[in-house]
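Just so you know, UniProt numbering puts 40 at position 40 of the sequence shown, and the rest follows in order with no gaps. Contents: one structure, followed by commentary.
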Amino acid sequence: MSNEACAYCDEGAALDAFGIKIYELPASKLVLFKEQSHKGRVIVASKHHVSEIVELSEADRNAFFADVDRVAKALHATFHPDKVNYGAYGDTGHHLHFHLVPKYKDDEFEWGGTFAMNPDRVHLSDAEYDELAKAIVANL
């Protein structure tokens, strides 16, 4: 990998621009996405600085997906979404991570379609972010 700064590895201002690290899982870091158009949206970022899932060993890949599964179950238990969408991108940020995006039929924002990376619609207070984080972590 290159020597470029990585928001998920550095956990500094670059991460603070879009997320709040809320928990350490065995193979990943859990980040609450600040833009909350979809209540409970999080990112599960691998603890390994790799760009592609194929760069992980079988054991590391299985551990990463076990973390994704654990977080998805926590989102379902916490928010009761109608569906959780999963997105794994990285064209510009070369660190393996999955967006877990709870979707709600009664909200209808983007229901039935792909979620926007950052619709810039819903931002919360620090207390509200803290409340969301505690609720998710309580169900991990």
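Backbone N, C-alpha and C define an ideal beta-carbon position, used for all residues, glycine too. Since this is a predicted model, take the numbers as computed values, not measurements.
Backbone CA spacing between residue i and residue j [nearest angstrom]
{"i": "residue 1", "j": "residue 47", "result": "With a pLDDT of only 44 at residue 1, under 50, the local geometry of the prediction cannot be trusted, and no value is derived from it."}
{"i": "residue 112", "j": "residue 54", "result": "30 Å"}
{"i": "residue 88", "j": "residue 99", "result": "6 Å"}
{"i": "residue 17", "j": "residue 35", "result": "10 Å"}
{"i": "residue 5", "j": "residue 26", "result": "23 Å"}
{"i": "residue 137", "j": "residue 78", "result": "9 Å"}
{"i": "residue 91", "j": "residue 134", "result": "31 Å"}
{"i": "residue 81", "j": "residue 49", "result": "30 Å"}
{"i": "residue 69", "j": "residue 86", "result": "11 Å"}
{"i": "residue 107", "j": "residue 114", "result": "15 Å"}
{"i": "residue 141", "j": "residue 62", "result": "Within the shown structure, residues of the chain are numbered from 1 to 140, placing residue 141 beyond reach of any answer."}
Beta-carbon proximity check, residue i vs residue j, cutoff 8 Å
{"i": "residue 71", "j": "residue 44", "result": "yes"}
{"i": "residue 12", "j": "residue 33", "result": "no"}
{"i": "residue 21", "j": "residue 102", "result": "no"}
{"i": "residue 51", "j": "residue 96", "result": "yes"}
Span of the alpha helix (DSSP H), counted from its first residue to its last, around residue i
{"i": "residue 73", "result": "58-79"}
{"i": "residue 127", "result": "126-138"}
{"i": "residue 15", "result": "13-16"}
{"i": "residue 8", "result": "7-10"}
Close-in-space but distant-in-sequence residues of the same chain around residue i (CB under 8 Å, 5 per side omitted)
{"i": "residue 73", "result": "139"}
{"i": "residue 84", "result": "72, 75, 76, 100, 101, 102, 103"}
{"i": "residue 59", "result": "none"}
Beta-bridge pairing of residue i - partner residues as DSSP gives them
{"i": "residue 93", "result": "Per DSSP, none; premise fails for residue 93."}
{"i": "residue 119", "result": "The partner list for residue 119 (beta bridge, DSSP) is empty, contrary to what the question assumes."}
{"i": "residue 98", "result": "44"}
The beta strand (DSSP E) enclosing residue i, as first and last residue numbers
{"i": "residue 86", "result": "83-87"}
{"i": "residue 24", "result": "19-24"}
{"i": "residue 33", "result": "28-33"}
Neighbourhood of residue i by C-beta distance below 7 Å, restricted to the same chain and skipping five residues each side
{"i": "residue 127", "result": "none"}
{"i": "residue 64", "result": "27, 28, 46, 56"}
{"i": "residue 109", "result": "37"}
Neighbourhood of residue i by C-beta distance below 6 Å, restricted to the same chain and skipping five residues each side
{"i": "residue 93", "result": "none"}
Any non-hydrogen atom of the ligand NAD closer than 7 Å to residue i Cβ
{"i": "residue 46", "result": "Only the bare structure without any ligand can be found here, which leaves the ligand NAD out of the picture."}
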